[in-house]
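Enquirer: Chains A and B, in that order, give the protein sequences.
So the numbering used here is basically just the index in the first sequence, starting at one, shifted up by 216.
So the numbering used here is basically just the index in the second sequence, starting at one, shifted up by 216.
There are 2 protein chains.
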Amino acid sequence: MTITIDAPLDMHLHLREGDMLRLVAPFSARHCAGAVIMPNLVDPIDSFEKLFRYRSEILAACQDHCFEPYMTLFFRAYRRKELELLKDHIIGIKLYPAGITTQSENGVKDFDAIEETLSLMQQMKIPLLVHGESNGFVLDREREFLVTYREIAESFPSLHIIMEHITTADAVAFLDEFENVSATITLHHLMITLDNVIGDLMQPDLFCKPVAKTPRDREALRQAVFGGHKKIMFGSDSAPHPRHKKECIGCAAGVFSAPVAVELLVQLFDEEGCLENLPDFISANARQRYGITPPQKQITLSRTPWQVPDDHGGVRSFYAGKTINWSVV
Amino acid sequence: MTITIDAPLDMHLHLREGDMLRLVAPFSARHCAGAVIMPNLVDPIDSFEKLFRYRSEILAACQDHCFEPYMTLFFRAYRRKELELLKDHIIGIKLYPAGITTQSENGVKDFDAIEETLSLMQQMKIPLLVHGESNGFVLDREREFLVTYREIAESFPSLHIIMEHITTADAVAFLDEFENVSATITLHHLMITLDNVIGDLMQPDLFCKPVAKTPRDREALRQAVFGGHKKIMFGSDSAPHPRHKKECIGCAAGVFSAPVAVELLVQLFDEEGCLENLPDFISANARQRYGITPPQKQITLSRTPWQVPDDHGGVRSFYAGKTINWSVV
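Here it is in structure tokens:
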């Protein structure tokens, strides 16, 4: 048995830079037609020059694969002229509340001060991608941030807002309240709960932001995704860290799922008996919500088991050492 | 300024065995007059022979310090004859639900099957120490186990039941419902919440079972302890693991607080302006609830800052690298 997917898209991807970029980019470029590239480098992507330099590095790292890096800018107060120069070269602007995840120290501290930029983005039809967490108790952060999502969605009704990597039943419910709001969901949040991270032994390779939540939350995500929700797109949030930054005091947040994402998604949808909804989640919803036309690319998978390596050049991936029932042909 | 404490007692302590025992025992023996020794070794302490061998090893490891190891047995179905032989040599029997923490694989699976042993313990006035967690969602486990505590407390009204290392407001409230129920609280659960463990970078040295809970839960523990609750005893749950078993995939649960426990407790009670309640928490409540008379031993602390070493022979302690304002003279 085989399955063919048109233009898989990863709508939330961290590629990092330098050696790490060269190591991880091919995993995504091999299987995906495109991906939304996060801008939170050590020196965040927030100018024309940085954007083009980074895009060139990414294309070089992707070797000969047919792959479109949909670039994003790191949110700051942008002037109209800057955005006019940039808008045809980006898919959106990514907003991080200050300090909430890896390399977000320069993020937004005062949400009242950003209205002018949001207004420009609305006028110019530039989507707003958001890491939606407050700075409250770790398990309440996403729910608490819904107040901010609501304010922005109501104030800017034609701004396309993407709730990135949602993890809670509350966020899924919120999504249906506003036509201008979309969401991405990761592979790992469809599979794990906080029990997998700290319920038995502690697993640093499953530690990410937002942290995995309760079984009830995971069930809400699964029902929405497997049920074919039209406003939810696949975004892996694949985020590589070298093992010495994971298996240590002060473990970095991030799950590296790029090497297994497409295969495991097929396995999940197959197990749930809803393979017919996979094309929407992994491609069509993103094309529709963002209005993008990715490169023509098809990948075919067969039901052939393979074992995920323990290590990819010093980075441990999601599902390391385990067997996946589907392989890309 | 100095403060002198009579007979500090640690009513919940893991000393392990072999080299680790020899490394960690002196930290407790130096400052405490005695400690309740947990029986969950690789081969659990559940016989006369194992108990005495372990006690001898502990006394040897404690060198010349005046220190009473209050021994416990690992819960199983014991016969009357066994308990008659053992009862004068133990302070209680420690019950672990199967698989709930480090080396608890041989714990209790069926709570209906343990009534006979509990009945014997009640008759012989042998206290029951309990790791009170269900096998549910990691943050719900303590609350869910209260049903079991209630059944045992009601069925055996003169059995002394100790809720070990409680972490939730619900458990604190439960404590007041039954005269025959006591509790221990750790140092670290007075200080940290889940935010410290996974709210920023992930901290394996703060990972323990039960996991630290919410700010509201911590506040309930602090109010009870600093307010002088008479049924709550200090139990560090100090549990050493070598760094290679903490800073790794599959990090072991346990916070090693023995090297800093007494000093940090003085600092906490001092900061809260309730030093007058420290003697109850760290000694008198245990003497009263268990009816024990520990060895005569006093320790004196002065307000002299010291920096906690980063490492104690391959084991990283709680508060490593930080400064504590009080030192044992």
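Quick reminder that beta carbons are idealized off the backbone N, C-alpha and C, glycines included.
Against G323/B, what residues of chain A qualify as contacts under a CB-to-CB distance less than 9 Å, listed in chain order?
Expert: Chain A residues near G323/B: none, gap ~14 Å exceeds 9 Å.
Enquirer: With distances taken from CA atoms, which of I342/B, R246/B and A536/B is nearest M287/B?
Expert: Considering only alpha carbons, the answer is I342/B.
Enquirer: Tell me whether the beta-carbon of I465/B lies closer than 8 Å to the beta-carbon of Q419/A.
Expert: With contacts defined by Cβ atoms closer than 8 Å, I465/B and Q419/A form a contacting pair.
Enquirer: Is F534/B helix, strand or coil when you go by DSSP?
Expert: coil
Enquirer: I448/B by DSSP, collapsed to three states: which one?
Expert: The answer is strand: DSSP assigns I448/B an E or B state.
Enquirer: If you check the beta carbons only, do H228/A and S398/A fall under 8 Å apart?
Expert: no
Enquirer: For P242/B, which residues from the same chain have a beta carbon less than 8 Å from its beta carbon, with the 5 sequence-adjacent residues on both sides left out?
Expert: A277, C278, Q279 and H281
Enquirer: Under 8 Å, Cβ to Cβ, is there at least one residue of chain A near P431/B?
Expert: True, the Cβ-Cβ gap to chain A drops below 8 Å.
Enquirer: Kindly provide the ranges of any alpha helix (DSSP H) runs that are 4 or more residues long and lie completely inside the region 283 to 362 of chain B, ordered along the chain.
Expert: Scanning the region 283 to 362 of chain B for uninterrupted alpha helix (DSSP H) segments of 4 residues or longer gives 296 to 302 and 331 to 340, listed from N- to C-terminal end.
Enquirer: Using the Cβ count rule (16 or more neighbours within 10 Å means buried), how would you classify M254/A?
Expert: buried
Enquirer: Classify P285/B as buried or exposed, calling it buried when 16 or more other Cβ atoms lie within 10 Å of its own Cβ.
Expert: buried
Enquirer: Measuring only the C-alpha atoms, how far is L302/B from Y312/B?
Expert: 19 Å
Enquirer: Measure the C-alpha to C-alpha separation of I274/B and G415/B and round it to an integer number of angstroms.
Expert: 37 Å
Enquirer: Hey, L172/A and T218/A are a contact pair by Cβ (cut 8 Å); roughly how many whole angstroms apart?
Expert: Examination of residue 172/A is not possible in this model, given that chain A is present from 217 through 545 alone.
Enquirer: Would you call the CB atoms of A469/A and K425/A closer than 8 Å?
Expert: For A469/A and K425/A, yes; Cβs fall inside 8 Å.
Enquirer: So, are the CB atoms of D531/A and L239/A less than 8 Å apart?
Expert: Here residue 531/A turns out to be Val, not Asp, going by the sequence shown. Contact flag set, yes.
Enquirer: Excluding the 5 residues flanking E300/B on each side, which residues of the same chain have their C-beta closer than 8 Å to its C-beta?
Expert: Sequence-distant partners of E300/B (beyond 5 residues in either direction) whose C-beta falls short of 8 Å from its own C-beta, in its chain, are M340.
Enquirer: Measuring CA to CA, which of D262/A, G315/A, H305/A and D486/A is closest to I508/A?
Expert: H305/A
Enquirer: Given a cut-off of 8 Å, decide if I448/A and F390/A are closer than it, judged by their beta-carbon atoms.
Expert: no
Enquirer: Count the other CB atoms within 10 Å of the CB of P525/B; is the residue buried (16 or more) or exposed (fewer)?
Expert: exposed
Enquirer: First and last residue of the beta strand (DSSP E) that includes S398/A?
Expert: V397 to I401
Enquirer: According to a CB-to-CB cut-off of less than 8 Å, which residues of the region 400 to 428 of chain B neighbour chain E?
Expert: Although the question refers to chain E, the structure presented lacks it and instead comprises the protein chains A and B.
Enquirer: Counting only Cβ pairs nearer than 7 Å, list the residues of chain A close to E463/B.
Expert: E463, C464 and I465
Enquirer: With DSSP run on the structure shown, which of helix, strand or coil describes V471/B?
Expert: Correct three-state label for V471/B: strand.
Enquirer: Going straight from the alpha carbon of S371/A to that of D328/A, what length do you get?
Expert: Distance between the alpha carbons of S371/A and D328/A is about 12 Å.
Enquirer: Would you tell me roughly how many angstroms separate the C-alpha atoms of P224/B and S335/B, rounded to the nearest one?
Expert: 32 Å
Enquirer: At 7 Å on the CB atoms, spell out the chain B contacts of A468/A, in chain order.
Expert: L417, listed in chain order.
Enquirer: Taking V441/A as the reference, which of K461/A, G352/A and G489/A has the closest Cα?
Expert: The shortest C-alpha separation from V441/A is found at G489/A.
Enquirer: Between which residues of its own chain and S320/B is the CB-CB distance below 8 Å, once the five residues before and five after are set aside?
Expert: N256, Y312, P313, A314 and H347
Enquirer: So, using beta-carbon positions, are N412/A and L403/A closer together than 8 Å?
Expert: no
Enquirer: Measure from the alpha carbon of R366/A to the alpha carbon of each residue in M379/A, C467/A and G323/A, then state which is nearest.
Expert: M379/A
Enquirer: On the three-state DSSP scale, how would you describe D222/A?
Expert: strand
Enquirer: Is the Cβ of F353/B closer than 8 Å to any Cβ of chain A?
Expert: Under the 8 Å criterion on CB atoms, F353/B is classed as interfacial with respect to chain A.
Enquirer: List the endpoints of the continuous alpha helix (DSSP H) containing V476/A.
Expert: Counting along the chain, V476/A falls outside any alpha helix (DSSP H), and DSSP gives it neither H nor E.
Enquirer: By Cβ distance below 7 Å, which residues in the same chain neighbour G444/A in space, the five residues on each side in sequence not counted?
Expert: N493 and D496
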